[in-house]
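Some notes on the structure that comes next.
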Amino acid sequence: MRSTGFRRTFVALSVSSLALALTSCGSGDKDSASGKTRITVNCMPPKSAKVDRSFFEADIASFEKQNPTVDVVAHDAFPCQDPKTFDAKLAGGQMEDVFYTYFTDAKHVADIGQAADLTPYVKELKSYDTIQKQLRDIYTVDGKIYGIPRTGYSMGLIYNKKLFARAGLDPEQPPATWEELRADAKRIAALGDGTVGYADYSAQNQGGWHFTAELYSQGGDVVSADGKKATIGTPQGRAVLQNLHDMRWADDSMGSKQLLVINDVQQMMGSGKLGMYLSAPDNIPILVKEKGGDYKDLALAPMPGGEGTLIGGDGYMFNKKASPAQIRAGLKWLDYMFLTPGDGFLGDYARAKQHDAPVGLPEPRLFTGAADAKDQQVKKANANVPVENYQAFLDGNHTLDMKIEPPHAQQIYSVLDGVVSAVLTKKDADIDQLLKDAGGKIDGILARG
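Just so you know, we're using my numbering here: the sequence shown kicks off at 1 and counts up by one.
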């Protein structure tokens, strides 16, 4: 999962229509009437995101000027992928030539034969070898390359430095273990006046998402390595739920209101009433721009537990009907738009800074070597947020196991939502029985493929 689709000025939007009509997308004509190679692409910011939209359109115009034989037709969408229509568009042959995917989509799209094999062409993508190998590998299925990563994220712990100080805690020493987090949350909640020490999601699949992240942090996993069986009924799985239960019912450090989703928790943090919650770095500008928070008060630490963290991200795959000319044109477009360090839609940090977009957030590094050095240099030169608040997150991530979301993530998260919500709303919840029942349901999901 990902809370935002774009990383620049407008990070969360309300749009009346989330999906394009199926007949408007699709691979369609291979070439335009002028003889140019025509490609359709998606994930263009909607008109309501005026600044992002203008950047995207300007970058396409500049790309077409440098590549006069290519005609790029972009379709807007927010979110960039609507799970309700994604499979239908694939099955109906209506997907764009170059289409946005989550990391968790890669194997599924390749397995059902809806993506073009990029292996013969990827040598033409100038940036490919500079991208982190673990991200490239996500789009490699059975030895063939089916997609190109664009961004990544990893989960961490956002905390309020001001509340830490008020509670007598060291704002420069965030909790490194779940035991320390529990103790810190209790002291923060003791401030009273509606202050909550730690909050967690437990609805709309978001509870299952966070359960997975918390399980990873303790060295556990949701499914077996072969993807055939649930592995939540373990000491690590029990520890996750027992910790949530104890903070909720023994410590009263999670507040009485439960069944929270991301907007609820962001509102609590932005208003200064919440000490800690799990999130990716892209939450920070939302807390400031929309929820009333202040950059100087918001810091990011690595996941407590010290074992692992959940990573996610996105990239682009190509329609199986795309011609060789379209694939080559699409790869050139990806290089120009997203994969040139310090430039393009996501990398032009100077342009972002000029428009008061956050620069310097601790996003996981996409590139390696000289490309990474250049990207970091340009980012540092244009940073406009307190980067020192995120150093602990950057340092701590070096030692964590980076783990992608499980297969069939959304279906599994829906099952795990019920487990987390039961623990947070029922004092006498039977943790072992909840894990056993959920494990059986997950086994069924995995068996159906």
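We put the CB at the ideal spot given by N, CA and C, even for glycine.
Taking all protein chains in view, the Cβ of T340 is crowded by 16 or more other Cβ atoms within 10 Å, so the residue is classified as buried. DSSP places D82 in the coil class of the three-state scheme, outside both helix and strand. According to the DSSP assignment, M95 belongs to no beta strand (DSSP E), since it is labelled neither H nor E.
By the criterion of at least three beta-carbon pairs nearer than 8 angstroms, the stretch 347–357 is not in contact with the stretch 132–149. Taking a cut-off of 8 angstroms for Cβ pairs, the stretch 86–94 and the stretch 59–70 do not touch, as fewer than three such pairs fall below it. Excluding the 5 residues flanking it on each side, H245 has same chain C-beta neighbours closer than 6 angstroms at V423, in chain order.
Within the stretch 224–265, the complete alpha helix (DSSP H) segments of 4 residues or longer fall at 235–245, listed in chain order.
With fewer than 16 other CB atoms across the displayed protein chains lying within 10 angstroms of its CB, E388 is exposed. Short of 7 angstroms from the beta carbon of F318, and not among the five residues preceding or following it, lie these beta carbons of its own chain, in chain order: D97, V98, A115, A116, L118, I327, G330. Closest option to F103, judged by alpha-carbon separation, among R182, I311, K36, Q391: I311. Secondary structure note for M44: it is in no alpha helix (DSSP H), and the uninterrupted beta strand (DSSP E) holding it is 37–44. Per the DSSP secondary-structure output, M276 pairs in a beta bridge with Y159, Y198. Secondary structure at I412: helix, using DSSP grouped into helix, strand and coil.
For L310, the pairing in a beta bridge is given by DSSP as K403. Excluding residues up to 5 positions away in sequence, S202, G207, F211 lie with their Cβ nearer than 6 angstroms to the Cβ of V420 in the same chain. Look at D356 here: in three-state DSSP terms it is coil, with no helix or strand label. Bridge partners of K144 according to DSSP: V141. By DSSP's assignment, I131 forms a beta bridge with F367. Contact between L181 and P304 is confirmed by a C-beta separation of about 5 angstroms, below the 8 angstroms threshold.
By alpha-carbon distance to P386, the top candidate from P324, D294, F338 is D294.
Between the stretch 269–276 and the stretch 176–196, the count of C-beta pairs closer than 8 angstroms reaches three or more; the two stretches touch. Following the DSSP letters along the chain, one finds L435 in no beta strand (DSSP E) but inside the alpha helix (DSSP H) bounded by residues 431–448.
Annotation for I445: H408, Q411, I412, V415 place their beta carbon closer than 8 angstroms to its own, counting only its chain and skipping 5 residues before and after.
F338 has no beta-bridge partner at all, per DSSP.
Under the 8 angstroms Cβ criterion, the stretch 149–167 counts as touching the stretch 280–297, having at least three qualifying pairs.
The beta-carbon separation of G237 and L435, rounded to 6 angstroms, stays under the 8 angstroms limit for a contact. Here G315 is actually not in contact with T140; their C-beta atoms are around 12 angstroms apart, not less than 8 angstroms. With respect to V72, V41 sits close: the two C-beta atoms are nearer than 8 angstroms. For F345, same chain residues with a beta-carbon under 7 angstroms away, outside a window of 5 residues either side, are F55, F56, D59, M337, F338 in chain order. Distance from the CA of D443 to the CA of K229, rounded to the nearest whole angstrom, comes to 5 angstroms. Bounds of the alpha helix (DSSP H) holding V109 are 106–111. Comparing C-alpha distances from G292 to each of A185, M269, F78, A299 shows the shortest one belongs to M269.
Here F318 is bridged, per DSSP, to V98.
Secondary structure note for D71: it is in no alpha helix (DSSP H), and the uninterrupted beta strand (DSSP E) holding it is 70–76. About 18 angstroms separates the Cβ atoms of N205 and D437, ruling out a contact at the 8 angstroms cut-off. Excluding the 5 residues flanking it on each side, G219 has same chain C-beta neighbours closer than 7 angstroms at Q236, E307, G308, in chain order.
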